[in-house]
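Asker: The structure follows.
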Amino acid sequence: MQGRKKPEKHWSLWLLGSLFSLFVLCSSLWLSLMLWVQQPLGKIGSIILIGLWLAFALVVLGIYFTRHLISRQVDTVLYLLAFLFSLLAYFSMEPRQDRDWNPEVSRLLSYEQRSNLVTLHNIRNFAWQPDGRYTARWESRSFDLNQITGVNIITSYWMGPKIAHTLVSFDFANQKPLTFSIEIRKEKNENFSAIGGFFRKYELSLVASDEKDIIYTRSNVRGEQVYFFPVKMPQAQAKALFVEYLHQVDELAKQPKWYNTLTSNCTTLVFDMVQAVSQQQLPSDYRLLASGYLPNYLYDLKVLDQSWDMHTWYQRAHVNPRVKQTAELSSQDYSHLIRQGLPKPDMR
Numbered sequence: 001m002q003g004r005k006k007p008e009k010h011w012s013l014w015l016l017g018s019l020f021s022l023f024v025l026c027s028s029l030w031l032s033l034m035l036w037v038q039q040p041l042g043k044i045g046s047i048i049l050i051g052l053w054l055a056f057a058l059v060v061l062g063i064y065f066t067r068h069l070i071s072r073q074v075d076t077v078l079y080l081l082a083f084l085f086s087l088l089a090y091f092s093m094e095p096r097q098d099r100d101w102n103p104e105v106s107r108l109l110s111y112e113q114r115s116n117l118v119t120l121h122n123i124r125n126f127a128w129q130p131d132g133r134y135t136a137r138w139e140s141r142s143f144d145l146n147q148i149t150g151v152n153i154i155t156s157y158w159m160g161p162k163i164a165h166t167l168v169s170f171d172f173a174n175q176k177p178l179t180f181s182i183e184i185r186k187e188k189n190e191n192f193s194a195i196g197g198f199f200r201k202y203e204l205s206l207v208a209s210d211e212k213d214i215i216y217t218r219s220n221v222r223g224e225q226v227y228f229f230p231v232k233m234p235q236a237q238a239k240a241l242f243v244e245y246l247h248q249v250d251e252l253a254k255q256p257k258w259y260n261t262l263t264s265n266c267t268t269l270v271f272d273m274v275q276a277v278s279q280q281q282l283p284s285d286y287r288l289l290a291s292g293y294l295p296n297y298l299y300d301l302k303v304l305d306q307s308w309d310m311h312t313w314y315q316r317a318h319v320n321p322r323v324k325q326t327a328e329l330s331s332q333d334y335s336h337l338i339r340q341g342l343p344k345p346d347m348r
């Protein structure tokens, strides 16, 4: 009987050892990336800390596979405690509002509302030059939500067809369009990193901007490929979506939030807001993560005009060919130009 049970025991120990080894490898990779992104001891100090942790992980695995039962138990507990301490330190990091911010995201949105009348403060309307220089301008504007005449999804591509930044623009009958953009709140001289976005590197920012500022910046200054899609949305739902953005303003004013490349980014948060105001459940889809394909998802939902196929849509919606020489255009002329030839959906 005992001879039959030995293979089972060896099998279970092998499985347990394999699972523990996988955990050590994955957790060490996660911790190394986190330390590299956060650099708590500066660049050199953090590299040394990463090296020490990896050496510790290898020693732990070496001791574990000596197959000494007591050493294994102590070894496992010691590693788990060390990793748990690292997790506690990481999740205790709090987002802040008082950093030395990049001028583009230096101010927080605020607003006043009386029924359908909303006055937004700190709307960005920078005057950009093609070489990246700008004149900073911050404005207050008033909007009557009953005057919303259209909603547009803008996708801006900077690293291939799979990933895009998503913006939402509202048209008004009695006011210039307004664009909302959920972005990282960069500090001065800080650059975006998709990996950094997984490890609490950036706070979340909500920017309300003139189209001539925020779209022109991406198409003409940064050289991103920008596409403009008017979408079908009933006016009541469009008003509710605008109010959802105001709720985001309130939440960020009360408590700053971390940006997350996967779960709290420019596309997933917009989807959550649209879902909150939609009268039907929107299907989950991989294209909400591979945000470059978001227009195809919208087409399948039939919120883009179906008289064109997606190939035609991408051709007609492409902003860049229209705005090569637009530095001197007024804001209203610029907004008119990027809508030329595009259908205007009925908001009923």
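Here the sequence shown is numbered in full-length UniProt numbering, starting from 1 and rising by one per residue. Note that the Cβ used here is the ideal one computed from N, Cα and C, for glycine as well.
1) Relative to the alpha-carbon of residue 53, which residue among 28, 210, 323 and 318 has its alpha-carbon at the smallest distance?
2) Quick check on DSSP: helix, strand or coil for residue 384?
3) Using the DSSP secondary-structure output, state which residues sit across from residue 118 in a beta bridge.
4) Can you give the Cα-Cα distance for residue 1 and residue 14, rounded to whole angstroms?
5) Just checking: is the beta-carbon of residue 311 within a distance shorter than 8 Å of some beta-carbon in chain C?
6) Which residues mark the beginning and the end of the beta strand (DSSP E) in which residue 207 is found?
7) In or out: residue 159 buried (at least 16 other Cβ within 10 Å) or exposed?
8) Have a look at the DSSP bridge pairing and note the partners of residue 260.
9) Given a cut-off of 8 Å, decide if residue 342 and residue 323 are closer than it, judged by their beta-carbon atoms.
10) Determine the DSSP secondary structure at residue 131, reduced to helix, strand or coil.
11) If you draw a straight line from the alpha carbon of residue 44 to that of residue 38, how long is it in whole angstroms?
12) Any chance you could list the alpha helix (DSSP H) runs of at least 4 consecutive residues sitting entirely within the segment 136-189, in chain order?
13) Given a threshold of 16 other Cβ atoms within 10 Å of its Cβ, counted over all protein chains shown, does residue 48 qualify as buried or as exposed?
Answerer: The short version:
1) Residue 53 sits at position 53 when you count from the first residue of the sequence shown. Closest option to residue 53, Cα to Cα, is 28.
2) Nothing about residue 384 can be reported from this structure: the residues present for the chain run from 1 to 348 only.
3) Counted from its first residue, the sequence shown places residue 118 at position 118. DSSP, once it has assigned bridges, lists 113 and 143 as partnering residue 118.
4) Taking the sequence shown and counting its residues from 1, one reaches residue 1 at position 1. Taking the sequence shown and counting its residues from 1, one reaches residue 14 at position 14. Summary for residue 1: the model assigns pLDDT 46, below 50, so the residue's position carries little reliability; its value from the coordinates is reported in the next sentence. Each residue's Cα considered, the two are about 21 Å apart.
5) Of the protein chains in the structure, only one exists, and it is not chain C.
6) Within the sequence shown, residue 207 is the residue found at index 207, counting from 1. Taken as a continuous stretch (DSSP letters only), the beta strand (DSSP E) holding residue 207 covers 203-209.
7) The residue given as residue 159 occupies position 159 in the sequence shown. It is exposed - the Cβ of residue 159 has fewer than 16 other Cβ atoms within 10 Å.
8) The residue you call residue 260 lines up with position 260 of the sequence shown. DSSP, once it has assigned bridges, lists 264 as partnering residue 260.
9) Residue numbering aside, residue 323 sits at position 323 when the sequence shown is read from its first letter. Residue numbering aside, residue 342 sits at position 342 when the sequence shown is read from its first letter. Going by C-beta atoms, residue 323 is not nearer than 8 Å to residue 342.
10) Taking the first residue of the sequence shown as position 1, residue 131 is located at position 131. Under the three-state reduction of DSSP output, residue 131 falls in the coil class, being neither helix nor strand.
11) Residue 44 sits at position 44 when you count from the first residue of the sequence shown. Residue 38 sits at position 38 when you count from the first residue of the sequence shown. When rounded, the distance between both Cα atoms is 12 Å.
12) As far as the segment 136-189 is concerned, it has no whole alpha helix (DSSP H) run of at least 4 residues.
13) For this step, residue 48 is matched to residue 48 along the sequence shown. Answer is exposed; the Cβ neighbour count stays below 16.
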